[in-house]
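**Q** Mind having a look at this structure? Questions to follow.
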Ligand code: AMP
């Protein structure tokens with residue numbers, strides 16, 4: 001499937017219907033785009049891209065936040081047959097430059113803050129750099145960049161999309177790199193289209209009647225591939241928020257006739273706290289006439305405790321799903337059957353999930369823990385210009401995820417953590433997740449995360465990082481946690497070190513940055529053991 005063709009077909013029907021709305025934290029809608037307006041704008045941008053020499057197969061970098069031009073830019077780049085390289089604004093200038101050079105980007109379209117933050121990165125693009133000045137930004141753009149409005153002034157809408165092969169590059173994403181160097185992951189039109197059909201249409205039953213509340217960053221697979229491309233694919237409406245704030249989201253859910261919310265576990269944790277603190281002010285989720293039907297979580301493990309508390313507060317059982325940049329989404333809890341907390345559900349239609357012994361590469365049976373391998377039409381074909389890493393990541397056509405997991409006899413997948421995050425205590429494996437699941441149920445714990453830190457005797461020991469509830473004294477909480485661990489965990493799994501923090505270090509997708517925890521643990525004063 002070619003995404004440009006699919007998006008164009010969708011957007012051509014019912015042209016006046018609003019597809020995207022942008023919601024300011026104040027509750028005001030700052031812009032709206034109808035399907036027809038988007039297509040007209042995209043065809044104008046395509047004329048400018050073609051005139052700038054962008055051809056099928058080229059790469060164009062985008063970093064536009066959630067400005068009006070965001071969706072137009074994606075449509076136009078795909079429409080001329082080029083691949084999109086989304087830039088993560090959190091990357092440093094050196095990291096951004098590395099991405100632009102690795103991807104051999106021929107043109108970049110960004111906000112002026114991207115350029116003013118790091119003017120030196122402009123030279124890393126082998127071609128023009130267009131700047132879309134935002135409301136609060138100056139109109140003047142530093143040379144050699146060009147104001148987008150000036151570029152577009154010379155063209156008229158009318159260009160039709162180029163329909164390239166299904167295996168053409170659509171998105172070139174750089175993995176978040178919470179461990180190691182970021183790697184380029186190229187997803188084709190076919191990878192993304194197959195995944196959106198299996199996930200959004202067949203599993204989550206999304207339709208043009210849905211309204212999505214989008215509070216995710218627009219440059220990862222989750223917010224971009226599922227949130228934005230999913231909206232273009234299905235033709236539902238989406239309300240875009242620049243960033244997540246629990247109160248803004250809870251208010252918007254009730255006030256903007258939202259039917260679907262996609263988030264990361266940290267968002268659910270914060271919404272749960274807000275609901276507990278705010279009783280019924282403002283009128284939160286639900287109400288008899290509300291179209292709200294599904295809350296989805298992914299990108300990091302959703303703890304059974306957060307699942308339970310969210311259900312208690314809102315009445316909704318979160319649908320947890322599991323994916324990677326390399327494969328898009330592999331599994332999801334079902335809509336119409338049991339949503340099992342602590343699991344990421346069942347393989348999507350057309351996707352195979354297997355558990356393998358990572359050393360012997362032999363398949364394991366239900367109930368046995370091993371490495372999760374996946375295959376199907378959604379799996380990327382290799383790391384960008386990196387055949388060695390690609391060869392190590394595949395076994396025949398199975399992609400080795402690097403995650404540890406176990407399948408139940410009725411095919412629900414549970415994830416036990418990343419293989420790289422395993423803590424090896426005197427030769428015995430401990431996964432952070434199994435320890436976190438025990439500690440987080442202790443009263444007085446607001447959040448917790450676990451990591452291995454070096455130990456002269458055992459090689460590694462388990463360290464627990466705890467964010468206490470506001471009124472909770474650390475000393476008594478530590479005593480309670482030690483007692484709880486003695487009761488519920490085998491001796492080698494019990495934390496030897498407790499550190500109390502104001503917050504758990506996480507990246508923008510809510511993934512715990514365990515490297516930072518290890519550093520904190522290694523720097524901790526020697527605990528009393
Ligand atoms: P990324 O490619 O940055 O999206 O990271 C993918 C990794 O996130 C996976 O390999 C998992 O380790 C983790 N992940 C994603 N979704 C889940 C989930 N629902 N539960 C546990 N881990 C998850």
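Numbering (our numbering), first residue to last: 1 to 529. For every residue, glycine included, the Cβ atom is placed at its ideal position computed from N, Cα and C. Computed from a prediction, not measured in an experiment: that's the story for all the values here.
(1) Evaluate contact between the stretch 253-263 and the stretch 203-213, counting only Cβ atoms and requiring at least three cross-stretch pairs below 8 Å.
(2) Would the C-beta of residue 298 count as close to the ligand AMP, meaning under 7 Å from any of its heavy atoms?
(3) Are at least three pairs of beta-carbons, each pair with one atom in the stretch 15-33 and one in the stretch 42-52, less than 8 Å apart?
(4) Between the stretch 341-353 and the stretch 322-333, do at least 3 Cβ pairs fall closer than 8 Å?
(5) If we count Cβ pairs, one from each stretch, closer than 8 Å, do we get three or more for the stretch 443-454 versus the stretch 463-477?
(6) Would you call the stretch 367-382 in contact with the stretch 224-240, where contact means no fewer than 3 C-beta pairs closer than 8 Å?
(7) By how many angstroms is the C-alpha of residue 475 removed from the C-alpha of residue 321?
(8) Taking only heavy atoms of the ligand AMP into account, decide whether any of them is closer than 7 Å to the Cβ of residue 436.
(9) Secondary structure at residue 492, three-state DSSP: helix, strand or coil?
(10) Just the Cα atoms here: how many angstroms apart are residue 361 and residue 389?
(11) Determine the burial state of residue 8: buried for a count of at least 16 other Cβ atoms within 10 Å of its Cβ, exposed for fewer.
(12) May I ask whether a heavy atom of the ligand AMP can be found less than 7 Å away from the beta carbon of residue 344?
(13) Tell me the residue span of the alpha helix (DSSP H) that contains residue 234.
(14) Say yes only if the C-beta of residue 402 is nearer than 7 Å to one or more non-hydrogen atoms of the ligand AMP, and no if none qualify.
(15) Can you check whether the CB of residue 405 is closer than 8 Å to the CB of residue 414?
(16) Is residue 415 close to the ligand AMP? I mean its beta-carbon at under 7 Å from any heavy atom of the ligand.
(17) I need the straight-line Cα distance from residue 94 to residue 121, nearest angstrom please.
(18) Contact defined as beta carbons within less than 8 Å: I believe residue 170 pairs with residue 3. What is the distance between those atoms, to the nearest angstrom?
(19) Quick one: residues in its chain with C-beta nearer than 7 Å to the C-beta of residue 202, no 5 flanking neighbours on either side, listed in chain order?
(20) Taking the CB atoms as reference points, tell me whether residue 499 and residue 521 lie closer together than 8 Å.
(21) Which residues does DSSP pair with residue 429 in a beta bridge?
(22) When the Cβ atoms of the stretch 46-62 are set against those of the stretch 105-112, are three or more pairs found closer than 8 Å?
(23) Give the secondary structure of residue 179 by DSSP, where H, G and I count as helix, E and B as strand, and everything else as coil.
(24) In whole angstroms, what is the alpha-carbon distance linking residue 278 and residue 247?
(25) What do you reckon, is the C-beta of residue 114 under 7 Å from a heavy atom of the ligand AMP?
**A** On the basis of the supplied data:
(1) Touching, yes.
(2) Yes - the ligand AMP has a heavy atom lying nearer than 7 Å to the Cβ of residue 298.
(3) Of all C-beta pairs linking the stretch 15-33 to the stretch 42-52, fewer than three are shorter than 8 Å, placing the two stretches out of contact.
(4) Yes: the two stretches touch, three or more of their Cβ pairs being nearer than 8 Å.
(5) The stretch 443-454 is in contact with the stretch 463-477.
(6) Using a Cβ-Cβ distance cut-off of 8 Å, the stretch 367-382 and the stretch 224-240 are not in contact, since fewer than three pairs of beta carbons, one from each stretch, lie closer than that value.
(7) One C-alpha to the other measures close to 37 Å.
(8) No.
(9) Three-state result, residue 492: helix.
(10) Those two C-alpha atoms are separated by around 18 Å.
(11) With 16 or more Cβ atoms within 10 Å of its Cβ, residue 8 is classed as buried.
(12) Correct: residue 344 has its Cβ closer than 7 Å to the ligand AMP.
(13) Per DSSP, the unbroken alpha helix (DSSP H) holding residue 234 starts and ends at 229-234.
(14) Yes; taking the cut-off as 7 Å, the Cβ of residue 402 has a heavy atom of the ligand AMP nearer than that.
(15) Against a cut-off of 8 Å, the Cβ pair of residue 405 and residue 414 comes out as a contact.
(16) Checking every heavy atom of the ligand AMP against the Cβ of residue 415, one is found closer than 7 Å.
(17) Approximately 8 Å between the Cα atoms of the pair.
(18) About 6 Å; that satisfies the 8 Å criterion.
(19) Taken in chain order, the residues that qualify are 349.
(20) Using a Cβ distance threshold of 8 Å, residue 499 and residue 521 count as a contacting pair.
(21) Partner(s): 424.
(22) Judged by Cβ distances under 8 Å, the stretch 46-62 makes contact with the stretch 105-112, as three or more pairs qualify.
(23) Annotation note: pLDDT 46 at residue 179 (below 50); position unreliable, coordinate value reported separately. Reduced to three states, the DSSP call for residue 179 is coil.
(24) As the crow flies, the alpha-carbon of residue 278 is around 9 Å from that of residue 247.
(25) No.
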